[in-house]
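In terms of my numbering, the sequence shown opens at residue 2 and continues consecutively. Backbone N, C-alpha and C fix where the C-beta goes; we use that ideal spot for every residue, glycine too.
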Amino acid sequence: MGVAMEEMTPLQLMTRLVGFPTVSAGSNLDLVDWLEGYLAGHGVQSHRHWNEDGTKAALFAHAGPWIAGGVLLSGHSDVVPVAGQVWATDPWTVVERDGRYYGRGTCDMKGYVALAVWALVQAQKRGVRRPLQLALSYDEELGCTGAPPMIAAMQGVVPKASVALIGEPSRMQLVNGHKGGAGFEVVVQGYEVHSSLLPYGVSAVMEGARLIQWVNDRNAEIQAAVPGPAAVAFHPPFTTLHVGMIEGGTAQNITAAQCRFAIEMRVVPGEDEEAWAAEVMAAAARIEAGMQAVRPEAAICLTRFFRVPGLQPEVGGTAEALVAQLTGANNAGVVSYGTEAGQFQEAGYSAVICGPGDIAQAHQVDEYLEVSEFHAGQAFMLRLLESLT
């Protein structure tokens, strides 16, 4: 155990956490070092799970009796970049102004992490009868890639919780469903000739455009169909495919040797993500066959770069019942963005989303968390502690 430390308020904790510039492209170890020491200083044991190159680590901790069936509070340590943005104040310093806490990560989601850390220390101090756990991942902003290895590492190291509460911004509303996500990095390899000899070459840009047009056509088919029962609650009420960036080509008068873009899918929970992926691969294969009929070395290479399972509403779900009790919610909503909730659900946890802040503020210049939302989050944690005690 570490040396006893002075207990910090939720605001002090958020201020400290925001002060670590844990942009996804860099390391989060300074934050993890500090947080591990802070928890140890209050008698809370924590464990690290390192990423492959040792530049980042997840942290999970347990407070209360060493038994299964507790409640897990899930958050992520990484934030999106501020480079090139013009902020009114220092993004790495929490500034209170006009009823808001400004700073990178206040909303997404160091405000919630601060509340979770505060609650964990309180749980240890009060001596709860049912355990409270913290799971803090890395690389959530890069496609939720850090949570699955962390969840796997937790098994057998700490008793398994029965409920996972994911604190992504939901204005403290109960959310029991979200879309899944998957994506392909696409590299189209063409064959260069002078544009006057177009039929004898293969333009990677023009062939890539065929695949993008397939995405457009598929979206039109999806939107023209009647939404299924699982989809009607979402906005939009269907799965979407999207291409956001493209690059390629050498000169205007040369058929492009290479073209790069990505295809992103947001899949309604309950639909088969692998079936959607297979559709993309089949479309690419058909286009590739036409390319290779001209030049055998031409190709389309697809590389999966993320997969985020959807969160499916649970019939009689334990997590939903707990949050409904604590918030007084009479019903639950769904969201179209992805979170780590579906990954916890896949691992056998009953999972829902409930956290302070508005997702509209996430990733924005001058990101903020309303003071009232932060206070509502602390009130939620107090009620949770009472239920565990």
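Residue i: first and last residue of the uninterrupted alpha helix (DSSP H) it sits in
i: residue 215; result: 205–225
i: residue 343; result: 342–347
i: residue 179; result: Careful: residue 179 lies outside any alpha helix (DSSP H), inside the beta strand (DSSP E) at 176–179.
i: residue 288; result: 274–295
i: residue 321; result: 319–328
Coarse secondary structure for residue i, derived from DSSP in three states
i: residue 121; result: helix
i: residue 93; result: coil
i: residue 19; result: helix
i: residue 163; result: coil
i: residue 81; result: coil
i: residue 108; result: helix
i: residue 171; result: coil
i: residue 156; result: strand
i: residue 43; result: coil
i: residue 239; result: coil
i: residue 33; result: helix
i: residue 76; result: strand
i: residue 2; result: Confidence in residue 2 is poor, its pLDDT being 46 and thus under 50, which makes the residue's placement unreliable; the coordinate value appears in the next sentence. Coil, per DSSP.
i: residue 261; result: strand
CB contact flag (residue i, residue j, <8 Å)
i: residue 324; j: residue 355; result: yes
i: residue 158; j: residue 48; result: yes
i: residue 306; j: residue 187; result: no
i: residue 168; j: residue 75; result: yes
i: residue 340; j: residue 236; result: no
i: residue 209; j: residue 270; result: no
i: residue 252; j: residue 206; result: no
i: residue 372; j: residue 97; result: yes
i: residue 16; j: residue 122; result: no
Cα-Cα separation between residue i and residue j, rounded to whole angstroms
i: residue 103; j: residue 85; result: 18 Å
i: residue 402; j: residue 333; result: Any question about residue 402 goes unanswered here, given that the chain covers just 2 to 390.
i: residue 52; j: residue 143; result: 14 Å
i: residue 50; j: residue 192; result: 45 Å
i: residue 204; j: residue 286; result: 16 Å
i: residue 390; j: residue 377; result: 20 Å
i: residue 146; j: residue 338; result: 15 Å
i: residue 2; j: residue 55; result: Any reading at residue 2 must be qualified, since the residue scores a pLDDT of 46, below 50, and its modelled position is unreliable; the value itself is stated next. C-alpha separation (whole angstroms): 24 Å.
i: residue 273; j: residue 232; result: 13 Å
i: residue 80; j: residue 238; result: 29 Å
i: residue 183; j: residue 120; result: 34 Å
i: residue 68; j: residue 156; result: 13 Å
i: residue 385; j: residue 348; result: 23 Å
i: residue 413; j: residue 265; result: Given that the chain is displayed from residue 2 to residue 390, the structure contains no residue 413 and the question cannot be resolved.
Residue range of the beta strand (DSSP E) that includes residue i
i: residue 47; result: 46–51
i: residue 133; result: 133–138
i: residue 301; result: 300–309
i: residue 234; result: Unbroken run through residue 234: none, as it is neither H nor E.
i: residue 68; result: Note, residue 68: premise wrong, no beta strand (DSSP E); not H, not E.
i: residue 388; result: No beta strand (DSSP E) holds residue 388; the alpha helix (DSSP H) holding it covers 372–389.
Selection from the options that minimises the alpha carbon distance to residue i
i: residue 24; options: 59, 8, 106 and 94; result: 106
i: residue 358; options: 368, 121 and 350; result: 368
i: residue 288; options: 274, 108, 303 and 67; result: 303
i: residue 45; options: 135, 229 and 155; result: 135
i: residue 40; options: 385, 61 and 21; result: 61
i: residue 83; options: 375, 363 and 381; result: 363
i: residue 387; options: 18, 276, 125 and 351; result: 125
i: residue 59; options: 330, 291, 290 and 78; result: 78
Residue-level contact to chain B via CB, residue i, 8 Å cutoff
i: residue 169; result: Note that chain B does not occur in the displayed structure, where there is just one protein chain.
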